[in-house]
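Each residue of the sequence shown is one higher than the one before, starting from 4 at the first, in my numbering. Worksheet for the structure shown next.
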Amino acid sequence: MSKSLGLSIPELVKPEKDHFDLRQKNVDEWLDNLPRANIGETARRVFETLVEANRFKHPHQNRMHFLEASRETVMYVTDSMKRHFVGINAPLPAKNLKIVAATREIHHAMAIGYMIATENYLGSSLFFSDNKQLATMIQRALSSLGKVLLTCYQTYTPYPANVWSEIHKLYGAAEGHKLLSLTVVDDQNLHNVKTSINAEYIRILLMALTSPYRLRHGEAGKVYSVLERWSGKSRLKSTENITRSGSLFAVNLASDEAPKNYSLFDDSCKSEFCRILNSASLTKAIRKDLKHGFKTGETTITSIEINRPDLSQDLMKRLLIAWCIIPKRSYPRNEIDERVQVTLGLTSTHQVIINGNRNTRINSGDEFENTASFETSNVSVSNLIADKQPDVWDMIYFPGDTGDLDALEEQLHKDQGSQNKQKKEQSETWLILNESASGYCIKSVNEPKGRCQVGELIGIRRQTANSTWKWGIGVIRWLRSEQANSLMIGIEMLTPDAAAIGLRAPSNAKHDYRRTLMLPELSAVNQPTTLVTTAVPYRIGHKLVINILGKEILIKLSKQVQNTGLFAQFQFEIMDDQGAVLKGEQEDENTPDFSGVWTSI
Numbered sequence: 004m005s006k007s008l009g010l011s012i013p014e015l016v017k018p019e020k021d022h023f024d025l026r027q028k029n030v031d032e033w034l035d036n037l038p039r040a041n042i043g044e045t046a047r048r049v050f051e052t053l054v055e056a057n058r059f060k061h062p063h064q065n066r067m068h069f070l071e072a073s074r075e076t077v078m079y080v081t082d083s084m085k086r087h088f089v090g091i092n093a094p095l096p097a098k099n100l101k102i103v104a105a106t107r108e109i110h111h112a113m114a115i116g117y118m119i120a121t122e123n124y125l126g127s128s129l130f131f132s133d134n135k136q137l138a139t140m141i142q143r144a145l146s147s148l149g150k151v152l153l154t155c156y157q158t159y160t161p162y163p164a165n166v167w168s169e170i171h172k173l174y175g176a177a178e179g180h181k182l183l184s185l186t187v188v189d190d191q192n193l194h195n196v197k198t199s200i201n202a203e204y205i206r207i208l209l210m211a212l213t214s215p216y217r218l219r220h221g222e223a224g225k226v227y228s229v230l231e232r233w234s235g236k237s238r239l240k241s242t243e244n245i246t247r248s249g250s251l252f253a254v255n256l257a258s259d260e261a262p263k264n265y266s267l268f269d270d271s272c273k274s275e276f277c278r279i280l281n282s283a284s285l286t287k288a289i290r291k292d293l294k295h296g297f298k299t300g301e302t303t304i305t306s307i308e309i310n311r312p313d314l315s316q317d318l319m320k321r322l323l324i325a326w327c328i329i330p331k332r333s334y335p336r337n338e339i340d341e342r343v344q345v346t347l348g349l350t351s352t353h354q355v356i357i358n359g360n361r362n363t364r365i366n367s368g369d370e371f372e373n374t375a376s377f378e379t380s381n382v383s384v385s386n387l388i389a390d391k392q393p394d395v396w397d398m399i400y401f402p403g404d405t406g407d408l409d410a411l412e413e414q415l416h417k418d419q420g421s422q423n424k425q426k427k428e429q430s431e432t433w434l435i436l437n438e439s440a441s442g443y444c445i446k447s448v449n450e451p452k453g454r455c456q457v458g459e460l461i462g463i464r465r466q467t468a469n470s471t472w473k474w475g476i477g478v479i480r481w482l483r484s485e486q487a488n489s490l491m492i493g494i495e496m497l498t499p500d501a502a503a504i505g506l507r508a509p510s511n512a513k514h515d516y517r518r519t520l521m522l523p524e525l526s527a528v529n530q531p532t533t534l535v536t537t538a539v540p541y542r543i544g545h546k547l548v549i550n551i552l553g554k555e556i557l558i559k560l561s562k563q564v565q566n567t568g569l570f571a572q573f574q575f576e577i578m579d580d581q582g583a584v585l586k587g588e589q590e591d592e593n594t595p596d597f598s599g600v601w602t603s604i
């Protein structure tokens, strides 16, 4: 068979006698007899039958009926399989990774089936071509390849080679046959049942331009869903009479590459294979929504369930940046190869900071095997018990009492009528691949003990020469699962050190504290001392009590610096006993001096 488009499809052979017959009656009977209550068995049968059908020659009409009739079942099993990987922190367990691979391959097998049908159709001699049917084949193939990419984005795994090449070839074929705007009915769409090849292709391009490996859990699916409606607000055209701007993106139809900002292309993009995507109308609509108070929550993770299609205001703002402004690297990156200690999450980081002067042993032979040299200042605290306490957090908790920690923290081991014992968190060894003034790119050395999410708090401590650094605090901005049990993450650093303190509501008991970090003032960016708390329930205006070095201080949250859905960062104001904000000279006299906090870490 002549491959008109050069798509990556297998060489077809004549069906064997015991091969599954794709005639309509057999297909319908096979689908009716699938054990749909058993998702695993149904998924296995569907995948094996798709792969088998893609190996043999079949009449064009039979293949199309088989693929179209199987779409609903494929959607049913793949949607059910998502619960094993969507919303689960990386790295995924081996079993879950196999389910990811199976989901991706089912979508890919569907795409191959439609690509075979497309090549068959274009390679046949027909007096009268059915553009409607050809447009349906190409749209279905693009839709399936889009789901291959989406599965990779949702699991932070690399997408297969040649997937972009196939997408571009299919679009080019539709463009050459003038099928781009032809209406195609797709009853699997949630918003627009009537779609087109052009809309499907732009949807895939816009999804890739969101920097999907920077999206948080559940966001990739939401964005892909809403792009079904938004793709019509962007325009794709040739390079003629194009002026470079921040809302223009380019794609090379002759490549195996995702789209990127037009300004990053050289003059070679001005060719017959380059197309320009203009997102100006889309970004204008997003600005309008934001301006008129479009708001469904502070962040997607904390306010919106993963199964809902809504987009948060925070996510909308990030999409606006992705589709409007070219991302520029502010600082050069230096390639290095250095082992560091890492903690994942607010709880682990808090515990490791306060236990910095205790034995923290990791892998044998590691340069961090020896205890770091940290000392704690001796503080006299009249309102706490008289027994000597070993560190800040022990001064906040009353031995023998039952403290109600935040549900997001590690559960304390509680023995009836006995002293509480906390789970001691350990750091792990990771490898810095490169660094800049703003952060690091690091890779796991062994299987990570903790689970990573984009937007998660991370603690990092380096050791150079004979000096051990303090615990720096950062946030995970992007995540890639390179292979089984191996992660690569990008970190934006927030501060080179932090203090572990306690936080409670004024009405709570004095021992009822939640883990909180205090970050020092950053004069370079004009940011005062801030607090890092759990993502909920704190909001601007809340009055709270912090316990630092045994001293309780009444504060008011004045400004939210960020809320990733996994932690929040606030500026705050000191208040007097009557609840008034201390200002001016009074503030100078009564505001505690936090300088001693950093030296006692």
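Glycine residues also receive a C-beta, built at the ideal position from the N, C-alpha and C atoms.
How is residue i classed by DSSP in three states: helix, strand or coil?
i, result
"I195", "Note on identity: in this sequence residue 195 is Asn, with Ile being the wrong assignment. Looking at N195 - three-state DSSP - the assignment turns out to be coil, as it is neither helix nor strand."
"A571", "strand"
"C327", "coil"
"N134", "helix"
"I435", "strand"
"V89", "coil"
"Y443", "strand"
"N57", "coil"
"R507", "strand"
"L145", "helix"
"Q344", "strand"
"T76", "helix"
"R48", "helix"
"N337", "strand"
"T519", "strand"
"T498", "strand"
"S380", "Residue confidence is low: S380 scores 35 on pLDDT, short of 50, so the model does not pin down where it sits. No coordinate-derived value is stated."
Among the options, which has the Cα closest to the Cα of residue i?
i, options, result
"V478", "G493, I339 and R542", "G493"
"E14", "A40, K60, R232 and V355", "K60"
"S146", "K287, V188, N134 and P215", "V188"
"L280", "L218, A211 and V80", "A211"
"N123", "W233, E431, L552 and I12", "I12"
"N99", "L10, I109, R107 and F88", "F88"
"I141", "C155, L125, Y156 and L153", "L125"
"D133", "T160, L182 and I170", "L182"
"H514", "D500, I504, P531 and P523", "I504"
"A508", "G179, C327 and V548", "V548"
"W326", "M578, S315, A283 and L153", "A283"
"G475", "L482, R464 and W481", "R464"
"E231", "E178, A202 and K20", "A202"
"P499", "W472, E341, K172 and S447", "W472"
"Y117", "A93, E169, Y156 and V80", "E169"
Tell me whether residue i is buried or exposed, calling it buried when 16 or more other Cβ atoms sit within 10 Å of its Cβ.
i, result
"H220", "buried"
"D2", "Coverage of the chain is limited to positions 4 through 604, which leaves residue 2 absent and any answer about it impossible."
"I339", "exposed"
"V196", "exposed"
"S484", "buried"
"R542", "exposed"
"P215", "buried"
"V528", "exposed"
"H194", "exposed"
"R518", "buried"
"P161", "exposed"
"G149", "buried"
"E1", "No statement about residue 1 is possible, as the shown extent of the chain runs from 4 to 604 and does not include it."
"A40", "exposed"
"G179", "exposed"
"G9", "exposed"
Any beta carbon of chain C sitting closer than 7 Å to that of residue i?
i, result
"P523", "No chain C is present in this structure, which holds just one protein chain."
Fully enclosed by the region 526-576, which beta strand (DSSP E) runs are 3 residues long or longer? Note on the region 526-576: whole beta strand (DSSP E) runs with a minimum of 3 residues are 533-536, 546-551 and 554-566, in chain order.
Entirely within the region 446-495 and at least 3 residues each: give me those beta strand (DSSP E) ranges in chain order. Note on the region 446-495: whole beta strand (DSSP E) runs with a minimum of 3 residues are 460-464 and 475-486, in chain order.
Are the region 526-545 and the region 564-582 in contact at 8 Å, needing three or more beta carbon pairs? Between the region 526-545 and the region 564-582, the count of Cβ pairs shorter than 8 Å is three or higher; the stretches touch.
Give, in chain order, every unbroken run of the beta strand (DSSP E) that is at least 3 residues long and sits entirely within the region 207-286. Whole beta strand (DSSP E) segments, 3+ residues: 238-240, 251-255 and 277-281.
The region 27-42 in contact with the region 63-83 per 3-pair CB rule at 8 Å: Between the region 27-42 and the region 63-83, the count of Cβ pairs shorter than 8 Å is three or higher; the stretches touch.
The region 247-263 / the region 222-236 touching (three or more Cβ pairs under 8 Å): At 8 Å Cβ cutoff, the stretches do not touch.
Segment contact flag, the region 543-559 with the region 431-439, C-beta cutoff 8 Å, min 3 pairs: No, the region 543-559 does not touch the region 431-439.
The region 131-140 in contact with the region 94-108 per 3-pair CB rule at 8 Å: In the pairwise beta carbon analysis, the region 131-140 is classified as not touching the region 94-108: fewer than three pairs are separated by under 8 Å.
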